[in-house]
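*Asks:* Handing you this structure, nothing more for now.
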Amino acid sequence: MMKHVLSAMVMNQPGVLAHISGMLASRAFNIESLAVGETEDPQFSRMTFVVAGDDKTVDQVRKQLEKIVTVVKVVDYQRTEIVDRGLILLKVATTSQQRTAILELVSIFRAKVVDVGLNELMIELSGQDNKLNSFIDLMRPYGIVELVRTGRIALAREVSMSVSDALKPPATYDVPEVVV
Numbered sequence: 436m437m438k439h440v441l442s443a444m445v446m447n448q449p450g451v452l453a454h455i456s457g458m459l460a461s462r463a464f465n466i467e468s469l470a471v472g473e474t475e476d477p478q479f480s481r482m483t484f485v486v487a488g489d490d491k492t493v494d495q496v497r498k499q500l501e502k503i504v505t506v507v508k509v510v511d512y513q514r515t516e517i518v519d520r521g522l523i524l525l526k527v528a529t530t531s532q533q534r535t536a537i538l539e540l541v542s543i544f545r546a547k548v549v550d551v552g553l554n555e556l557m558i559e560l561s562g563q564d565n566k567l568n569s570f571i572d573l574m575r576p577y578g579i580v581e582l583v584r585t586g587r588i589a590l591a592r593e594v595s596m597s598v599s600d601a602l603k604p605p606a607t608y609d610v611p612e613v614v615v
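Numbering (the working numbering), first residue to last: 436 to 615.
Below, the structure written as structure tokens:
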């Protein structure tokens, strides 16, 4: 079964998440990943779902979502170039002898140490699922104390342009004068 990343622009209102997840559950659609957050316009939130299924099943999911009044638009990113990321925070047990090895892995993965304790490091890492999974696997031998992970978020890439378009100077814009 293929994994599809769906993006739903929804009205930013109480109960929208419960309504949508309830609708999907009642139709036996399993949400593998879910992330929700306000958009550039505070009236709307973007919900990013990862669901497994064939094209026909996912098309049914999309059509069911579009029937919900608070859903403005649904996009299946299946055939679209996207940038997608997840985020993890994890606490790993550490001794003074292990810290250097853990910090080297943090550097290799371009992660960040966000908190330091006597016996633990808290590490933040964002990236695609395979990167996050690899990092988690490498931290397991040290002893993962706690782990939290977000759902995937995604945006479509801009339509590619020709090299000649990319080399053109940027457009200039008239900036209105600000009167103080």
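No residue lacks a Cβ here, since even glycine has one placed at the ideal position from N, Cα and C.
From a predicted model like this one, the values you see are computed outputs, not experimental measurements.
From which residue to which residue does the beta strand (DSSP E) around Ser468 run?
*Replies:* If you number the sequence shown from 1, residue 468 lands on position 33. Per DSSP, Ser468 belongs to the beta strand (DSSP E) from Ile466 to Glu473.
*Asks:* According to DSSP, is Thr515 helix, strand or coil?
*Replies:* For this step, residue 515 is matched to residue 80 along the sequence shown. Three-state DSSP puts Thr515 in coil, outside helix and strand.
*Asks:* Out of Val506, Glu555, Thr492 and Gln513, which has the shortest C-alpha to C-alpha gap to Thr530?
*Replies:* As a working mapping, residue 530 is identified with position 95 in the sequence shown. The shortest Cα separation from Thr530 among Val506, Glu555, Thr492 and Gln513 belongs to Glu555.
*Asks:* Can you list, in chain order, the residues of its chain with a C-beta nearer than 7 angstroms to that of Val471? Leave out the 5 residues immediately preceding and following it.
*Replies:* For the purposes of this step, residue 471 is taken as the residue at position 36 of the sequence shown. Correct list, in chain order: Leu452, Ser480 and Met482.
*Asks:* Going by the CB atoms, is the gap between Ile523 and Pro560 shorter than 7 angstroms?
*Replies:* Taking the sequence shown and counting its residues from 1, the one referred to as residue 560 is at position 125. Taking the sequence shown and counting its residues from 1, the one referred to as residue 523 is at position 88. Here residue 560 is Leu; the residue named in the question, Pro, does not match the sequence. Yes.
*Asks:* State the CB to CB distance for the pair Val549 and Ile558, rounded to an integer number of angstroms; the pair is presumed to be in contact (CB under 8 angstroms).
*Replies:* Numbered from 1 along the sequence shown, position 114 holds the residue referred to as residue 549. Numbered from 1 along the sequence shown, position 123 holds the residue referred to as residue 558. About 7 angstroms separates the two Cβ atoms, so the contact holds.
*Asks:* In whole angstroms, give me the CA-to-CA distance for Gln478 and Met444.
*Replies:* The residue given as residue 478 occupies position 43 in the sequence shown. The residue given as residue 444 occupies position 9 in the sequence shown. Taking the straight line joining both Cα atoms gives about 10 angstroms.
*Asks:* Measuring CA to CA, which of Tyr512, Val507 and Thr585 is closest to Asp494?
*Replies:* Against the sequence shown, residue 494 aligns to sequence position 59. Nearest option by C-alpha distance: Tyr512.
*Asks:* Could you pull out every residue in the same chain whose Cβ sits closer than 7 angstroms to the Cβ of Leu573, ignoring the five residues on either side in sequence?
*Replies:* The residue given as residue 573 occupies position 138 in the sequence shown. Cβ neighbours of Leu573 beyond the five flanking positions: Leu540.
*Asks:* Apart from the five residues on each side of it in sequence, which residues of its chain come closer than 6 angstroms, Cβ to Cβ, to Lys398?
*Replies:* Here the chain covers residues 436 to 615 and nothing more, so residue 398 does not appear.
*Asks:* Alpha carbon to alpha carbon, how far is Gly562 from Ala591?
*Replies:* By 1-based counting over the sequence shown, the position of residue 562 is 127. By 1-based counting over the sequence shown, the position of residue 591 is 156. Those two C-alpha atoms are separated by around 16 angstroms.
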